[in-house]
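Encoded as structure tokens, the structure appears first; notes follow it.
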Amino acid sequence: MTELLRVAAAARVFTLAVIASTALVGDVTLNGLWYVAALAVAAEVLSWRRVLPDRTIVILEGALTGVVAVWAYPEHQAAMPYLAIPVLIAGIAGGARWVGAVLVVEAAAMSLGGWLLVGSYDEDLASAAVTWLTTGLGLGGLGAYTRRHVTSTGTDASYRSALGLIRQLHSLSGRLTSGLDPVDLADQAMAVVAEEVVVRRAVVLQRQGSEFAPLRYSTGAMSFPVDDVHPLLEQCWQTQRPVLNAPLLVLPLTTGTEKVAVLLVECAAPPDPKTIADVAARLEPAAVQLSAALLFSSVHESATAEERRRLAREVHDGVAQDVASLGYLVDNLAASTVDPQQAEDVALLRKEVSRVVAELRNSVFDLRNETAPGQGLGQSIALFARHVGSHSPLTVHVTLDESEALRLPPAVEAELLRIAQEAINNARRHSDGSNLWVGCRVHPPYAEITVSDDGDGLRSPRVDSHGLRIMKERAERIGAELTVESPILDERGTRVSIRLA
Amino acid sequence: MTAFDLGTDYSAGKEEGSALPTSVVLVDDHELIRHGLAVAFAREDGFVVVGEAATIAEAHLQTGALRPDVVVIDLRLPDGSGLDLVRSLRKERDDLGLVVLTMYAGDEQIFAAMDAGASAFVGKDAPSGEVIAAARHAAVAPRSFTCAGLPEAMMRRLSSTTPRLSDRERQVLDLLADGLGVATIATNLYISESTAKTHIAKVYEKLGAGNRAQALVAAMRMGLIDATPPPS
């Protein structure tokens, strides 16, 4: 806050100059000036050297000024105008509360000083005090206002607002029973509309780039051909006003300052303009919650992604390198072995070390694997499956059926990719089969991913294995249904399917 | 899986052509890795490890001063990416063998190394014999890239650009795969024959095919239709 220091210094110097000039022009003595000048210099020094916080300095400065003003009265009344300065600085340094505090301290110091030094009630003194304390109040208010303005436009303003938001989210996520699930909140928004309008089907759409991605369809509804209604959605998004094109109605979900999503409704009967306006107004609380939920899920997603990258770095730089160097040591050992039995053992050891390093390489790859921008979920899964096929005896068959226009929300895509990765890796590690089939049908908000193999099938203890449990948790998080079937064919094979409806 | 069957032929030529052994600089921030490889190279005929570096800065100093024939480079180094080192060394010298040695897996890494101008790419799970074979290849043919599984990676890269079909195009493709003609497809989808033709043309275009057979082969390769359905 060096700016504050500069403003404070300027105010002090300026006031001293004003007092000095009025004293020189008029017939008031300069005596009072020396006291306040000394006070001002002391305050400046303390402030620049950061001996005390500025707020404490102005409290002391105010108290002493009050005492000096009374003590020097009436000969030294030149000190009186300086009363306004600590209040102004308090306003800038601490805001309205500190303005009040300094004023109270000044008034108290003057009353006490008046009682002790003057002894009787002096009307001139009281009126001068009231004049300058009022001036101080005005300046202090100005300072507090400036402070708020400066801090909200300063360089750290974005951090402040982010901090505020995170605090809010933190308390929300702990308290709300409905939680911060965007899908639940989208349902609530649609329920609000259904109270006023007879709804055939509805969908909440999120803006992604220049497209609209369905976040949630009303239950049991057929999916809308979103391409056909794109102009309506676009119009609503741009104007942030309801758009009626019977039987379709598009409502903006807005927090008043921020565009959040749009709600597309097919009405049984076209509602009148008043009803539309009512519904649009009633949607605002839902929009605020939805906005918070979307923000929260994106924060959660980026935090998770960062943690995965960190883990990848740790494995890569640490244990993986150590084991790889062990491998080279084994190679050197193998070269110097002449005993055939020992050579065989060392070769076996090398094979095992290579396997472990290859596993670690794959873990690093898995941890770093993310859906690339411009690449659909199905494409990412297919790419991963083919990558796995490249270093395992499995023959990989991929079937892709992915919608061209629509995407799932990024958080959902990320979870589905992780589930698919885990299922594919399980098949590679444990199935001992010769074929791996990966099927992706992605038609947002519907998606189904199946991973099947013709291997040994699940051995019974593996049903609650760590990997399966994590897949189940991931599926629950995005409201998907995970089924594991084994065996699927003549006592063989395993099929994992994830369905998002 | 193991690929370096190329190496041995080159070594003979190298040995006869010049009596000097191939000089190698190892760049990796893990000392044990450098040590393990240095021992392996020292045992091998025709190689001498002339320097070791743990950072990109050190690597630049070493390669500048020692003028090695081959540099073995880890992709992740404390002061930057090994790929950048490969790029700048390749710019300086066209005849320098550059072997990328990495813990990273994935086709992207392979292609990135190839594009940067590396001569070979080896995973750290491979035995030191493969690193030596790669170094041998790099010394003789520094501008030709070799890597285990490169052809497969190429195939994956080709098929990874799977086009995204619209719902209608998808239906058309499925009917094409069933062997239906244009008229039957139109009837099936309740559309006019000319519309069906437009959709079919669009599918061909997206698959980069000129006719039905090419389209179906491409679709099969890209996984849009499956030749061997999973057991159900």
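For the record, the sequence lines run as chains G and X. Quick note on numbering: the working numbering labels position 214 of the first sequence as 198, and the sequence is numbered without any gaps. Convert by adding 27 to the 1-based position in the second sequence; the result is the number in the working numbering. For every residue, glycine included, the Cβ atom is placed at its ideal position computed from N, Cα and C.
Residue i to residue j span [Cα, whole Å]
{"i": "residue 115 (chain G)", "j": "residue 50 (chain G)", "result": "13 Å"}
{"i": "residue 94 (chain G)", "j": "residue 148 (chain G)", "result": "40 Å"}
{"i": "residue 41 (chain G)", "j": "residue 143 (chain G)", "result": "28 Å"}
{"i": "residue 87 (chain G)", "j": "residue -8 (chain G)", "result": "17 Å"}
{"i": "residue 84 (chain G)", "j": "residue 30 (chain G)", "result": "22 Å"}
{"i": "residue 127 (chain X)", "j": "residue 162 (chain X)", "result": "10 Å"}
{"i": "residue 179 (chain G)", "j": "residue 288 (chain G)", "result": "38 Å"}
{"i": "residue 343 (chain G)", "j": "residue 186 (chain G)", "result": "47 Å"}
{"i": "residue 164 (chain X)", "j": "residue 173 (chain X)", "result": "8 Å"}
{"i": "residue 105 (chain G)", "j": "residue 239 (chain G)", "result": "58 Å"}
{"i": "residue 166 (chain X)", "j": "residue 338 (chain G)", "result": "26 Å"}
{"i": "residue 120 (chain G)", "j": "residue 67 (chain G)", "result": "7 Å"}
{"i": "residue 407 (chain G)", "j": "residue 374 (chain G)", "result": "17 Å"}
{"i": "residue 281 (chain X)", "j": "residue 367 (chain G)", "result": "In the structure as shown, chain X starts at 28 and stops at 259, and residue 281 (chain X) therefore has no counterpart that could be examined."}
{"i": "residue 351 (chain G)", "j": "residue 107 (chain X)", "result": "21 Å"}
{"i": "residue 265 (chain G)", "j": "residue 246 (chain G)", "result": "14 Å"}
{"i": "residue 143 (chain X)", "j": "residue 183 (chain X)", "result": "20 Å"}
{"i": "residue 84 (chain X)", "j": "residue 72 (chain X)", "result": "29 Å"}
{"i": "residue 362 (chain G)", "j": "residue -12 (chain G)", "result": "56 Å"}
{"i": "residue 212 (chain X)", "j": "residue 223 (chain X)", "result": "7 Å"}
{"i": "residue 229 (chain X)", "j": "residue 219 (chain X)", "result": "15 Å"}
{"i": "residue 89 (chain G)", "j": "residue 146 (chain G)", "result": "36 Å"}
{"i": "residue 303 (chain G)", "j": "residue 311 (chain G)", "result": "12 Å"}
{"i": "residue 32 (chain G)", "j": "residue 137 (chain X)", "result": "59 Å"}
{"i": "residue 259 (chain G)", "j": "residue 196 (chain G)", "result": "25 Å"}
{"i": "residue 323 (chain G)", "j": "residue 153 (chain X)", "result": "24 Å"}
{"i": "residue 109 (chain X)", "j": "residue 226 (chain X)", "result": "47 Å"}
{"i": "residue 148 (chain X)", "j": "residue 54 (chain X)", "result": "14 Å"}
Presumed contact (8 Å Cβ cut-off) between residue i and residue j, rounded CB distance
{"i": "residue 477 (chain G)", "j": "residue 470 (chain G)", "result": "7 Å"}
{"i": "residue 39 (chain G)", "j": "residue 75 (chain G)", "result": "Going by Cβ atoms, the distance from residue 39 (chain G) to residue 75 (chain G) rounds to 11 Å, so no, they are not a contact pair."}
{"i": "residue 192 (chain G)", "j": "residue 391 (chain G)", "result": "6 Å"}
{"i": "residue 394 (chain G)", "j": "residue 285 (chain G)", "result": "6 Å"}
{"i": "residue 70 (chain G)", "j": "residue 46 (chain G)", "result": "4 Å"}
{"i": "residue 178 (chain X)", "j": "residue 125 (chain X)", "result": "That pair is no contact at about 21 Å."}
{"i": "residue 166 (chain G)", "j": "residue 199 (chain G)", "result": "6 Å"}
{"i": "residue 233 (chain G)", "j": "residue 176 (chain G)", "result": "At roughly 13 Å, the Cβ-Cβ gap does not stay under 8 Å, so residue 233 (chain G) and residue 176 (chain G) are not in contact."}
{"i": "residue 283 (chain G)", "j": "residue 347 (chain G)", "result": "Not really, about 26 Å apart at Cβ, beyond 8 Å."}
DSSP state of residue i mapped onto helix, strand, coil
{"i": "residue 37 (chain G)", "result": "coil"}
{"i": "residue 375 (chain G)", "result": "coil"}
{"i": "residue 224 (chain G)", "result": "coil"}
{"i": "residue 70 (chain X)", "result": "helix"}
{"i": "residue 127 (chain X)", "result": "strand"}
{"i": "residue 148 (chain X)", "result": "strand"}
{"i": "residue 57 (chain X)", "result": "coil"}
{"i": "residue 403 (chain G)", "result": "helix"}
{"i": "residue 217 (chain X)", "result": "coil"}
{"i": "residue 238 (chain X)", "result": "coil"}
{"i": "residue 52 (chain X)", "result": "strand"}
{"i": "residue 181 (chain G)", "result": "coil"}
{"i": "residue 143 (chain G)", "result": "helix"}
{"i": "residue 442 (chain G)", "result": "coil"}
{"i": "residue 198 (chain G)", "result": "strand"}
{"i": "residue 27 (chain G)", "result": "helix"}
{"i": "residue 103 (chain X)", "result": "strand"}
{"i": "residue 385 (chain G)", "result": "strand"}
{"i": "residue 6 (chain G)", "result": "helix"}
{"i": "residue 488 (chain G)", "result": "The structure shown does not extend to residue 488 (chain G), since chain G spans only -15 to 485, so no value can be given for it."}
{"i": "residue 135 (chain X)", "result": "helix"}
{"i": "residue 162 (chain G)", "result": "Note that residue 162 (chain G) scores a pLDDT of 48, beneath 50, so its modelled location is shaky and nothing firm can be said."}
{"i": "residue 129 (chain G)", "result": "helix"}
- Message: Could you tell me which whole alpha helix (DSSP H) segments of length 4 or greater appear in the region 278 to 363 of chain G?
- Response: Listed in chain order, they are 303 to 319 and 324 to 352.
- Task: Specify whether the region 192 to 204 of chain X and the region 233 to 248 of chain X touch according to this definition: at least 3 beta carbon pairs, one from each stretch, less than 8 Å apart.
- Result: Taking 8 Å as the limit for Cβ pairs, the verdict is that the region 233 to 248 of chain X does touch the region 192 to 204 of chain X.
- What are the complete alpha helix (DSSP H) segments, minimum 4 residues, inside the region 242 to 266 of chain G? If only uninterrupted alpha helix (DSSP H) runs of at least 4 residues are considered, those enclosed by the region 242 to 266 of chain G are 257 to 266.
- For the 8 Å Cβ check, are there 3 or more pairs between the region 419 to 427 of chain G and the region 380 to 392 of chain G? A contact between stretches requires three or more CB pairs, one per stretch, nearer than 8 Å, and the region 419 to 427 of chain G meets this requirement with the region 380 to 392 of chain G.
- Task: Check whether the region 65 to 73 of chain X touches the region 147 to 161 of chain X, taking contact to mean three or more Cβ pairs, one atom from each stretch, closer than 8 Å.
- Result: Cβ pair count under 8 Å is three or more, so yes.
- Message: Tell me whether the region 91 to 103 of chain X and the region 48 to 66 of chain X touch, counting them as touching only if at least three CB pairs, one residue from each stretch, are closer than 8 Å.
- Response: The region 91 to 103 of chain X is in contact with the region 48 to 66 of chain X.
- Query: If we count Cβ pairs, one from each stretch, closer than 8 Å, do we get three or more for the region 288 to 307 of chain G versus the region 114 to 122 of chain X?
  - Reply: Touching, no.
- Message: Below 8 Å, how does it come out for the region 265 to 279 of chain G and the region 248 to 256 of chain G: are there three or more Cβ pairs, yes or no?
- Response: In short, these stretches do not touch, since the Cβ pair count stays below three.
- Would you mind listing the alpha helix (DSSP H) stretches within the region 153 to 214 of chain X that are 4+ residues and don't spill past its ends, in chain order? The qualifying runs are 155 to 167, 177 to 187 and 194 to 204.
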